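Under the working numbering, the very last position in the sequence shown is 1731; numbers go up by exactly one each time.
Only one structure is covered here, and it is reproduced in the block below.
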Amino acid sequence: MTRIIQHFVPHFEERHQKVQALILHCSAHTPEEMLKVLDEKKLSAHYIIGENGEIWQTVSEKNKAWHAGISHWREIDGLNDYSIGIELSSPAMGQKEYTKKQIDSAVGLCRTIISHYQIPACNVVGHSDIAPTRRPDPGKAFPWQYFASKGIGLWYDINDAEKISINEVEELLRIIGYDTTNLNAAAYAFCRHFVADSVAENSDIEQLMTEIYPKDFEFPHVYLPVLKACAYRYRR
Ligand SMILES: [Zn+2]
């Protein structure tokens, strides 16, 4: 595996929960810039991966890094205490293809972490999945399907759609793990993750970071089979 550069930062707390989730992020900065920005905002992640595939470790896995913020996934509220967080450097905020070197490094690191903590596949998700009203990362270009093929996270088989009789969008999103308090935001986060082509690219990164989902967004009915197939896969 890629050599890991250790560069510990002071923004963390003692962990009180067992690690049971892996959260993927991206940021439109180089790793060096990210260290500065995270420091200013008093944030952190356990790892940062640069575009050349270099891995920086900034918080010990034993500790709770400050990467998730207010968040929910399945039974868990406030993911920081329960998770490992990985930041990928991405100038286009995850809207343009990640580099191969970076993806290779991320796959290796994720696999090591998942097998070490026996993290369930349903708990390997993105920041946008756990904070749908607040965060757009790791973006529509994050290769979730490829990651799932490497044993990282879950993907769907469209043939499973007919095996689930529920047709209600909100209930299906909740089965997967989304907080549906803001249904449109949750549905948009789902689309970003599972039907990325349906999500428009936004080259204005500042706007992307503030307008997380179109306020008038409604789940496109044409993707209901995808949603059902996912719910089938994520069902407890
Ligand atoms: Zn993030």
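Backbone N, C-alpha and C define an ideal beta-carbon position, used for all residues, glycine too.
All figures in this text were calculated on a predicted structure; none of them were measured in a lab.
{"query": "Which residue from I1565, A1695, A1726 puts its Cα closest to that of L1649?", "result": "A1726"}
{"query": "Cα separation between P1720 and L1574?", "result": "29 Å"}
{"query": "Can you have a look at V1532 and say buried or exposed, based on whether 16 or more other CB atoms are within 10 angstroms of its CB?", "result": "exposed"}
{"query": "Start and end of the beta strand (DSSP E) containing N1558?", "result": "1558-1560"}
{"query": "For K1723 and Y1683, I'd like the C-alpha separation in whole angstroms.", "result": "15 Å"}
{"query": "Could you tell me the alpha carbon to alpha carbon distance between E1549 and S1693, rounded to whole angstroms?", "result": "31 Å"}
{"query": "Residues in the same chain with beta-carbon distance under 7 Å from I1598, minus the five sequence neighbours each way, listed in chain order, please.", "result": "P1638"}
{"query": "Are at least three pairs of beta-carbons, each pair with one atom in the segment 1532-1541 and one in the segment 1585-1601, less than 8 Å apart?", "result": "no"}
{"query": "Starting from E1680 and walking both ways along the alpha helix (DSSP H), at which residues does that stretch end?", "result": "The amino acid occupying residue 1680 in the given sequence is Ala; Glu does not appear at that position. Start and end: 1678-1689."}
{"query": "When you compare only the Cα positions, how much space is there between H1622 and A1656?", "result": "26 Å"}
{"query": "Thinking just about the alpha-carbon of each residue, which of Q1512, I1500, C1617 is nearest to the one in I1543?", "result": "I1500"}
{"query": "Is E1509 helix, strand or coil when you go by DSSP?", "result": "strand"}
{"query": "Can you tell which of E1570, W1568, V1602, H1567 has its C-alpha closest to the C-alpha of L1583?", "result": "V1602"}
{"query": "Looking at C-alpha atoms only, which residue of I1653, M1704, V1664 is the closest neighbour of H1716?", "result": "V1664"}
{"query": "Could you tell me the distance, in whole angstroms, from the CA atom of C1617 to the CA atom of K1635?", "result": "19 Å"}
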